[in-house]
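Peer 1: Following this message is one structure expressed as structure tokens.
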Amino acid sequence: MATESSSPPNPPAAGGTPQNSATETVQPANEVKQDAAPQNPKSVFVNSEPIREDQVQNAVKFLSHPKVRDSPVFHRRNFLEKKGLTKEEIDEAFRRVPDPSPSAQPTVTNQVGQGVTTSTIQPTSVSQTPVPIITVPSSASPSMFALARSRFHWYHAVFAVGLLAASGAGTAIWVKKSMIPRLKSWIRWVVMEEKNGDGGITNIKPTLAEEAAAAAKAAAAAASDVAKASQEMMISRYEEKVNMEKFMDLMQMQVKEIRSMGSAIKHLEGRSDKIERTHLVEHGGHSGSITKLKPTYPNGNKPEIDSHSARSSLPPTSADKSAPPHPNSYMDIMAMVQRGERPPNIRDINDQPPNPNQQISNPRLAPRSKPWEGAYQAKTSSRGGFGSALNGEGGSDFGAQNNEASNQVDAQSTVPWWQKKNSRITETDYVEAKPGSTTVVQTNEQPPIQRTWVPPQPPPVAMPEAAEAIRRPKSKKEAEPVSQETSGEGFSAAEVTDELQRITKISESGGEVEEMHSGGQGTNGALGGLKLSEIEEEPVQSY
Amino acid sequence: MNVAKTPFNGYSVKFSPFYEDRLAVATAQNFGIIGNGRVHVFSLPPTPTGALTEIVSFDTADGVYDLAWSESHDSLLIAAVADGSVKLFDTNLPPPQNPLRSFQEHTREVHGVDYNPTRRDSFVTASWDDTVKLWSLDRPTSIRTFKEHAYCVYSVAWNPRHADVFASASGDCTVRVWDVREPGSTMIIPGHEAEILYCDWNKYDEGLIATSSVDKSVRVWDVRNYRVPVASLNGHGFAVRKVKFSPHHRNLMMSCSYDMTVCMWDFMVEDSLVGRYDHHSEFAIGVDFNVLVEGLVASTGWDQMVFVWQHGTEPRGP
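From first to last, the protein sequence lines stand for chains A and B. Going by the numbering used here, the first sequence opens with residue 30, and the numbers climb by one from there. Going by the numbering used here, the second sequence opens with residue 24, and the numbers climb by one from there.
Here is the structure:
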């Protein structure tokens, strides 16, 4: 894979981490903001995309919305993160949006020239933004337009046009509203002066008196109208009242009739009526309890909305209200909690450390290497087993698997059942190793030494006959030297190939090789490096 | 095949990285709503059927949501407790001498804990107070606090090949990748439209991370190209609570869900579901692969049951 070539190779022994940490601790020491190139290829866990301008602009639009401005900052950040923006893009959007005019000068100074690295790998470096500064003085006011021209080009134009239109409209309205009426009245005044000449002044007074008289007349007429209207309303209300009374009388008569009918029916039914009532009460009571539970059911499904004393939120159970059915006792407990009750089965436990200064004991075992570290290629060794499991489990029916498993169990009942899945090598090994329980303690100490150069697991023997056929000519040759080597020596630095030969022979011959070994010690020691986990089993079985 | 019943509802199960036959189970009373908690340490019997035998158990005042075995000390357990504390237990010491430590720093429930498998000297905790904290056993207080998520952080997972990198999954619908050497997160993956409940790294491909979500799906992401998931696995009927990559096979994963099933997946295959186990009678909340024994898996759930079986066989046994 491409990434493996870019990241440092992992040596089998140490898993590559000491190398990584060594080289990468050197990097921060030499860190220069622009010199991000050496660090980039090492870490795949960092964004290597450049800032996407369209995403940033979308974010700016979002952040400029008045409703968004009211929400807390971290909500806004989270929304943008969910939309897939990187940290750098979000930071850039935040930088652009609030208070563009006052902060224009600081932002101008903050912006560094076009970043050398297109990949903004320094998440900590706020100042690295790939934007050139070109200040463009614009015709209309503010210093907002003093920012980079290349990015705000269209923005600038739109804003200028809008501003011009707004100002034009404003002046037009102002002129229309204030200037013209003033002009008109001035013209009228001039005209009147010309017409009336000297008598203009005296004529004004009689006109005033006439106007006053006219106003008084109008007022009087209005008052009389009002009086008439109210009188009419009074009359109509009285009429309505009379009608209502008649209606009420009729209704009462009808009610009386119905009541009499009802009592007649009751007399007829007699006892059955009582039963109905009790049923009604029960159902009413039951439905009452159901309605109590119902509010808790949706709450149980979305407990994060609840605010009860125990847990103010729980991991959510469903995204879209189609919740999984909770157990009844769960509902009961939620109901109790919402009522403020404490379930009775809770004990007061003091779980504080009895001795806070208690020494942490030394480990008894050395840490074990993981299957994915080093040369232990688990995937190759047990592909056979895994493959069979896969084939057998095509659907969801495991009935067929039971027979297979039980067969395996019966065959090797002395061995822990959960070792069965491993390759046949260890199974045959186990049978002979079991009696030698005294060797347990000794083998335990050997694995830590052997671990450093665990030879790779040989591939599984899928077709024993073929494998044997291939190896037969060699096996006779190697028989003597192999046996001499392993007899009674324990685990020395044997050649990897020899080990492989022996392993395959053991698996093919099914334990025939045991004659060659001097005893349990040799066997365990010889194979200890290959299957550490199985060897480790000895101490388990001893107790 | 091997079964145990716990008095409280199961939340998490973890195999020991030192002993093939040892596992720990985190449980909480009353489904974790309110009540005590208990950590059980079980041992597998030599027979294929039969009950797990309990070695020791530790009681806590509040429910235990998650636990992690130490990778440096074979007997130490870290428990994530619902009262916001992080407790250290020593399985070699009797319960009255436990816990060894109780770190009280999170202001809300601690929901996830993971021990560093490469450096073996530190662990991280995920809490509903929106933060992740980095700890070391020899320090009384946390080393660092990572505060960026906008909602509860449900799980954290160390990268198995890069000792300083870990990922966190949160209810704010994002997964963040962090590097302890960096002040903030190095990558934000908006993985799902709903809350993300768990994340786990692939053991054989350092850039692959799996996420499970309330939207019933499991997705596999490649951090080198995280805009589009590598695979989106659907099949669960309800929210998927946990997803784990196999320590022995690059493509094998297992997940557990509120639909009471445990599913096995091969994400490189078109029809990814390779197995489904429905042995639980309530929400299946915890699953784990045994790192030392290939194919051995365990699960636990709100039905108070713990099952240990060989993948490919029937968990309930003959």
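No residue lacks a Cβ here, since even glycine has one placed at the ideal position from N, Cα and C. Just so it is clear, the structure is predicted and the values come from calculations on it, not from any experiment.
Is Met363(A) close to chain B? Criterion is C-beta to C-beta, closer than 8 Å.
Peer 2: Translated into the one-based positions of the first sequence, residue 363(A) becomes position 334. Interface residue, yes.
Peer 1: Using a Cβ-Cβ cut-off of less than 8 Å, list which residues of the stretch 192–224 of chain B approach chain C; keep chain order.
Peer 2: No chain C appears in this structure, whose protein chains are A and B.
Peer 1: For Thr323(B) and Glu117(A), I'd like the C-alpha separation in whole angstroms.
Peer 2: Here residue 323(B) is taken as the residue at index 300 of the second sequence, counted from 1. Here residue 117(A) is taken as the residue at index 88 of the first sequence, counted from 1. In a straight line, the C-alpha of Thr323(B) is about 41 Å away from that of Glu117(A).
Peer 1: Taking only beta-carbon positions, decide if Pro119(B) is within less than 8 Å of chain A.
Peer 2: Position 96 of the second sequence, counting from 1, holds the residue named residue 119(B). Closer than 8 Å to some Cβ of chain A, the Cβ of Pro119(B) qualifies, so yes.
Peer 1: Provide the residue span of the beta strand (DSSP E) that contains Ile211(B), from first to last.
Peer 2: Locating residue 211(B) in the second sequence gives position 188, where the first residue counts as 1. Start and end: 208–212.
Peer 1: So the candidates are Val155(B), Tyr88(B), Glu305(B); which of them puts its Cα closest to the Cα of Pro354(A)?
Peer 2: By 1-based counting over the first sequence, the position of residue 354(A) is 325. For the residues Val155(B), Tyr88(B), Glu305(B), the minimum Cα distance to Pro354(A) belongs to Glu305(B).
Peer 1: For chain A, is any of its Cβ atoms less than 8 Å away from the one on Tyr138(B)?
Peer 2: Reading the second sequence from its first residue, position 115 is the one you call residue 138(B). It does not; no Cβ of chain A falls within 8 Å.
Peer 1: State yes or no: is the beta carbon of Gln479(A) nearer than 8 Å to at least one beta carbon in chain B?
Peer 2: Position 450 of the first sequence holds residue 479(A). Since pLDDT at Gln479(A) reaches only 41, below the 50 mark, its modelled position is unreliable, and the value read off the structure follows with that caveat. Cβ-Cβ to chain B under 8 Å: no for Gln479(A).
Peer 1: Just checking: is the beta-carbon of Gly309(B) within a distance shorter than 8 Å of some beta-carbon in chain A?
Peer 2: If you number the second sequence from 1, residue 309(B) lands on position 286. With 8 Å as the cut-off, Gly309(B) does not count as an interface residue toward chain A.
Peer 1: For the ligand ZN, any of its heavy atoms closer than 7 Å to the Cβ of Arg250(B)?
Peer 2: Absence of the ligand ZN from the depicted structure is noted, as is the absence of any ligand whatsoever, leaving it without description.
Peer 1: Pull the bridge partners of Ser322(B) from the DSSP assignment, please.
Peer 2: Locating residue 322(B) in the second sequence gives position 299, where the first residue counts as 1. Answer is Val310(B), Phe330(B).
Peer 1: State buried or exposed for Arg288(A), treating a residue as buried only when at least 16 other CB atoms are found within 10 Å of its CB.
Peer 2: The residue you call residue 288(A) lines up with position 259 of the first sequence. Counting Cβ neighbours within 10 Å, Arg288(A) comes out exposed, since fewer than 16 surround it.
Peer 1: Measure the beta-carbon distance from Trp92(B) to Lys37(B) and round it to whole angstroms, keeping in mind my assumption that it falls under 8 Å.
Peer 2: In the second sequence, the residue the question calls residue 92(B) occupies position 69. In the second sequence, the residue the question calls residue 37(B) occupies position 14. The Cβ separation is near 6 Å, so the contact holds.
Peer 1: Please list the partners that Lys110(B) has in chain A, where partner means a Cβ-to-Cβ separation under 9 Å.
Peer 2: In the second sequence, counting from the first residue as 1, residue 110(B) sits at position 87. Within chain A, the residues near Lys110(B) are Asp380, Pro382.
Peer 1: Is Val89(A) close to chain B? Criterion is C-beta to C-beta, closer than 8 Å.
Peer 2: The sequence position of residue 89(A) within the first sequence is 60, counting from 1. Chain B, which has no Cβ nearer than 8 Å to the Cβ of Val89(A), makes this no.
Peer 1: Taking the alpha carbon of Asn59(B) as the point to measure from, which residue in Phe65(B), Asp289(B), Ala51(B) has its own alpha carbon closest?
Peer 2: For this step, residue 59(B) is matched to residue 36 along the second sequence. Answer by Cα proximity: Ala51(B).
Peer 1: Tell me which residue opens and which closes the alpha helix (DSSP H) that Val366(A) is part of.
Peer 2: Within the first sequence, residue 366(A) is the residue found at index 337, counting from 1. Where Val366(A) is concerned, the enclosing alpha helix (DSSP H) stretches over 357–368.
Peer 1: For Val75(A), go through chain B and note every residue whose CB falls closer than 7 Å to its CB, in chain order.
Peer 2: Along the first sequence, read from residue 1 onward, the residue named residue 75(A) stands at position 46. Within 7 Å Cβ-Cβ: Thr209, Met210.
Peer 1: Mind listing the chain B neighbours of Leu394(A)? Cutoff is C-beta to C-beta under 7 Å, in chain order.
Peer 2: The sequence position of residue 394(A) within the first sequence is 365, counting from 1. The contacting residues are Phe41, Asp97.
Peer 1: Rounded to a whole number of angstroms, what is the C-alpha to C-alpha distance between Ser77(A) and Tyr221(B)?
Peer 2: Against the first sequence, residue 77(A) aligns to sequence position 48. Against the second sequence, residue 221(B) aligns to sequence position 198. For Ser77(A) and Tyr221(B), the distance between alpha carbons rounds to 25 Å.
Peer 1: Compare the beta carbon distance of Ser35(B) and Gly309(B) with 8 Å and say whether it is the shorter of the two.
Peer 2: Along the second sequence, read from residue 1 onward, the residue named residue 35(B) stands at position 12. Along the second sequence, read from residue 1 onward, the residue named residue 309(B) stands at position 286. Yes, Cβ-Cβ distance for Ser35(B) and Gly309(B) is below 8 Å.
Peer 1: Are at least three pairs of beta-carbons, each pair with one atom in the stretch 391–404 of chain A and one in the stretch 76–86 of chain B, less than 8 Å apart?
Peer 2: As far as the Cβ criterion goes, the stretch 391–404 of chain A does not touch the stretch 76–86 of chain B, which means the pair count is below three.
Peer 1: Can you pull the DSSP bridge partners for Thr154(B)?
Peer 2: The count along the second sequence starts at 1 and reaches residue 154(B) at position 131. In the DSSP output, where bridge partners are listed per residue, Thr154(B) has Lys170(B).
Peer 1: Taking the straight line between their C-alpha atoms, what separation do you get for Trp401(A) and Gln387(A)?
Peer 2: The residue given as residue 401(A) occupies position 372 in the first sequence. The residue given as residue 387(A) occupies position 358 in the first sequence. So the two alpha carbons sit approximately 35 Å from each other.
Peer 1: If you draw a straight line from the C-alpha of Arg480(A) to the C-alpha of Phe41(B), how long is it?
Peer 2: Here residue 480(A) is taken as the residue at index 451 of the first sequence, counted from 1. Here residue 41(B) is taken as the residue at index 18 of the second sequence, counted from 1. Bear in mind that the predicted position of Arg480(A) carries a pLDDT of just 45, short of 50, making it unreliable; the figure below should be weighed with that in mind. If I take the Cα positions, the gap works out to 14 Å.
Peer 1: How should Gly335(B) be labelled, buried or exposed, when 16 other C-beta atoms within 10 angstroms of its C-beta is the threshold for buried?
Peer 2: Numbered from 1 along the second sequence, position 312 holds the residue referred to as residue 335(B). Gly335(B) comes out buried.
Peer 1: What distance in whole Å lies between the Cβ atoms of Tyr88(B) and Glu132(B), which are believed to be in contact at a cut-off of 8 Å?
Peer 2: By one-based count along the second sequence, residue 132(B) stands at place 109. By one-based count along the second sequence, residue 88(B) stands at place 65. Yes, Glu132(B) and Tyr88(B) are in contact; Cβ-Cβ is about 7 Å, under 8 Å.
Peer 1: Using the Cα positions of Ser93(A) and Asn313(B), report the straight-line distance between them to the nearest angstrom.
Peer 2: As a working mapping, residue 93(A) is identified with position 64 in the first sequence. As a working mapping, residue 313(B) is identified with position 290 in the second sequence. Approximately 52 Å between the Cα atoms of the pair.
Peer 1: In whole angstroms, what separates the C-alpha of Asp99(A) from that of Tyr267(A)?
Peer 2: Reading the first sequence from its first residue, position 70 is the one you call residue 99(A). Reading the first sequence from its first residue, position 238 is the one you call residue 267(A). Asp99(A) and Tyr267(A): Cα-Cα distance of roughly 57 Å.
Peer 1: Name the DSSP beta bridge partners of Cys279(B), please?
Peer 2: Position 256 of the second sequence holds residue 279(B). DSSP output for Cys279(B) lists Lys265(B), Val285(B) as bridge partner(s).
Peer 1: At least one CB of chain A closer than 8 Å to the CB of Phe290(B): is that the case?
Peer 2: In the second sequence, counting from the first residue as 1, residue 290(B) sits at position 267. No - not a single Cβ of chain A is within 8 Å of the one on Phe290(B).
Peer 1: Would a C-beta distance cut-off of 8 Å place Ser95(B) and Asp113(B) closer than the cut-off?
Peer 2: As a working note, residue 95(B) is residue 72 in the second sequence. As a working note, residue 113(B) is residue 90 in the second sequence. Going by C-beta atoms, Ser95(B) is not nearer than 8 Å to Asp113(B).
Peer 1: Can you tell me the Cα-Cα spacing of Val253(B) and Val331(B), whole angstroms?
Peer 2: The sequence position of residue 253(B) within the second sequence is 230, counting from 1. The sequence position of residue 331(B) within the second sequence is 308, counting from 1. Rounded to whole angstroms, Val253(B) to Val331(B) spans 30 Å at the Cα level.
Peer 1: Measuring CB to CB, does Val266(B) end up less than 8 Å from Ala233(B)?
Peer 2: Taking the second sequence and counting its residues from 1, one reaches residue 266(B) at position 243. Taking the second sequence and counting its residues from 1, one reaches residue 233(B) at position 210. For Val266(B) and Ala233(B), yes; Cβs fall inside 8 Å.
Peer 1: Output yes if chain B places a C-beta closer than 8 Å to the C-beta of Glu357(A); else output no.
Peer 2: Translated into the one-based positions of the first sequence, residue 357(A) becomes position 328. It is worth fixing the name first, because residue 357(A) is Asn in this sequence and not Glu. Not closer than 8 Å to any Cβ of chain B, the Cβ of Asn357(A) fails to qualify, so no.
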